[in-house]
Structures are given as structure tokens and as C-alpha cells.
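Participant:
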Amino acid sequence: MKPYEVLLQDNKAWAESKLKSDPDYFHRLLHVQTPEFLWIGCSDSRVPPDQITQTEPGEIFIHRNVANLVVNTDVNLLSVLDFAVNHLKVKHIVVCGHYGCGGIKAALSKTDFKPVLNMWLRNIKDVYRFHREELDAIENENTRMDRLVELNVKEQLMNLVKTSIIQGAWKNEQRPDLHGWVYDLHDGIINPIVEMKPGTYIDPLYEYEKIE
Ligand SMILES: [Zn+2]
689 MKPYEVLLQD NKAWAESKLK SDPDYFHRLL HVQTPEFLWI GCSDSRVPPD QITQTEPGEI
749 FIHRNVANLV VNTDVNLLSV LDFAVNHLKV KHIVVCGHYG CGGIKAALSK TDFKPVLNMW
809 LRNIKDVYRF HREELDAIEN ENTRMDRLVE LNVKEQLMNL VKTSIIQGAW KNEQRPDLHG
869 WVYDLHDGII NPIVEMKPGT YIDPLYEYEK IE
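Just remember that my numbering sits 688 ahead of the position in the sequence shown, which is counted from 1.
#1: Can you tell me which residues fall inside 6 Å of ligand 1, judged by beta-carbon distance to its nearest heavy atom, and keep chain order?
#2: Within 10 angstroms of its Cβ, does D732 collect 16 or more other Cβ (buried), or is it exposed?
#3: Residue range of the alpha helix (DSSP H) that I878 falls in?
#4: Please confirm whether K756 and G729 have their CB atoms less than 8 Å apart.
#5: Quick check on the burial criterion: 16 or more other C-beta atoms within 10 angstroms. Buried or exposed for A857?
#6: Please list the terminal residues of the continuous alpha helix (DSSP H) segment that includes R734.
#7: So, under 8 Å CB-CB, R752 and L873 are touching, yes? Tell me the CB distance rounded to an integer number of Å.
#8: By alpha-carbon positions, which one of Y871, I854, V870 ends up nearest to P864?
#9: Could you compute how far the alpha carbon of I882 sits from the alpha carbon of H780?
#10: Within a Cβ cutoff of 6 Å, which residues of the same chain sit near E843, ignoring the five residues on either side of it in sequence?
#11: List the residues that DSSP assigns as beta-bridge partners of H751.
#12: Should G791 go down as buried or exposed, given a rule of 16 or more other Cβ atoms within 10 Å for buried?
#13: Should the region 813-828 be called in touch with the region 737-748, which here means at least 3 C-beta pairs below 8 Å?
#14: For I899, which residues from the same chain have a beta carbon less than 7 Å from its beta carbon, with the 5 sequence-adjacent residues on both sides left out?
#15: Check whether the Cβ atoms of W808 and V754 sit closer than 8 Å, and answer yes or no.
#16: So H867 packs on L839, CB below 8 Å; how close in whole Å?
#17: Counting only beta-carbon separations shorter than 8 Å, does E693 have a partner in chain B?
#18: Buried or exposed: Y896, going by 16 or more other Cβ atoms within 10 Å of its Cβ?
#19: So the candidates are Q697, N699, H775; which of them puts its Cα closest to the Cα of V720?
#20: What would DSSP say about G785, mapped onto helix, strand or coil?
#21: Go ahead and pull the three-state DSSP assignment for H775.
#22: Roughly how many angstroms separate the alpha carbons of D712 and I740, rounded to a whole number?
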């Protein structure tokens, strides 16, 4: 059997086992999608959002990319954000990074990954530059990398707040709360790093007036 055929076979087995324990399982999920959470995480295969939070289908709306970035020209992420905030009306947005992130490591190297990856990883180099003083002062390379993972999550929360999507929802509906978390591959534990609730101070430079 080819590797991808194993996936299909396991999928059938999963569907059968779900039906066995709950005959109404798929029928119930068919017409409702009311997740409370939007999860923005890393594409890393070792950090599957629903497994590490023990959530079921229907509970988390998910977007993943390399190093869990919120880039203000990324139509993919912005569409997900707009839909989650304005249509699904999520109450919480989690940006979850993870220690040992390959994207963060790659961004700190001098390797030329060629145009597309270079473009993406540049965003992480910028995060380093914003926090250069703190990061340069950390001698141990792994500790410095771990701290960059945390600061990256924090910067991505701020990138969310810079969007008119979040500012509008904060002003009009006092939601969603933003959570910056970091998952530890060593023990499987998620560490909360930073939280921003509606009304958190925004640099006026990024503030929109008369937002709808
Ligand atoms: Zn990663």
C-alpha cells in the first residue's frame, strides 16, 4: 500500500469509529460551524492544534503558515481573519508559536533560501531587529532563539491589532481577546506569553478613525 493510501484507509477507519460511538456525529456537524476560537499557528507537523488542545471538529477555526506570521499583505490570512471575526464572530484568537521552530531558525541563518522563502522569513528578521538589544544580550544561542519565538508571537498579536478588522470588532463588539502562546515540543505544554484584550493601547500611528 502506498503511503497516501494509508491515509485514506485510516480516514475510513476514523469515520467508522466515530459513527460507532456516536451515530449522529457527522449529521450534527453538517450544518453548524460556530467555533469560539481562531487559531493562527505554525505549519510544523508536530504542532497539530486540535490534538494538543483536545478539541473536536467544529471547535477551532484554523490558519497555519511557516512561523505563525500575521503579514499585512497576506490575503490568505486576512481573509481567514475577516471571516472568523466578522462572520463566525470568534471570541478568542490564539497565535501559537513553538520552541525549536524551523522558520525562526532559518530566518536567523544567513542562508539564501531564494525569493519566496526569503520574502517570508524577512518578516522574522524584522522582529529580531525590533528587539535586537534584548536578544543580542542573551549569550546562549538556544535561549536567544526561544526568546525570539516568544517575541515573534507578541509581534504577531500586535500585527493583528494593527488591522481594521480587529480594531472594528474591539470598538463595536468588545471582542475578540488575543492570546499569544508558545508550545514546547519537549513536554507538549502550551505556555501563555501575552494577552491583549479589547481596549489594549495601540500606537496612535496604527489607529483608524471612524471605523465601521
Ligand atoms: Zn514552526
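Ideal Cβ positions, reconstructed from N, Cα and C, are used throughout, including at glycine.
Facilitator: Taking the coordinates as given:
#1: C730, D732, A755, H786, C789, G790, G791
#2: buried
#3: I878 -> not in any alpha helix (DSSP H); beta strand (DSSP E) instead, spanning 878-884.
#4: Strictly speaking, residue 756 in this sequence is Asn, with Lys absent from that position. Contact flag set, yes.
#5: buried
#6: From DSSP, R734 is part of no alpha helix (DSSP H); its letter is neither H nor E.
#7: Not quite, the Cβ-Cβ distance comes to about 16 Å (not below 8 Å), so this is no contact.
#8: I854
#9: Rather than Ile, the amino acid found at residue 882 in this sequence is Val. Roughly 13 Å separates the two Cα atoms.
#10: V815
#11: I728
#12: buried
#13: no
#14: S852, Q855, G856, K859
#15: yes
#16: Their Cβ separation, rounded to whole angstroms, is 16 Å, which puts H867 and L839 out of contact at 8 Å.
#17: Annotation note: the requested chain B is absent from the structure, which comprises a single protein chain.
#18: exposed
#19: H775
#20: strand
#21: helix
#22: 25 Å
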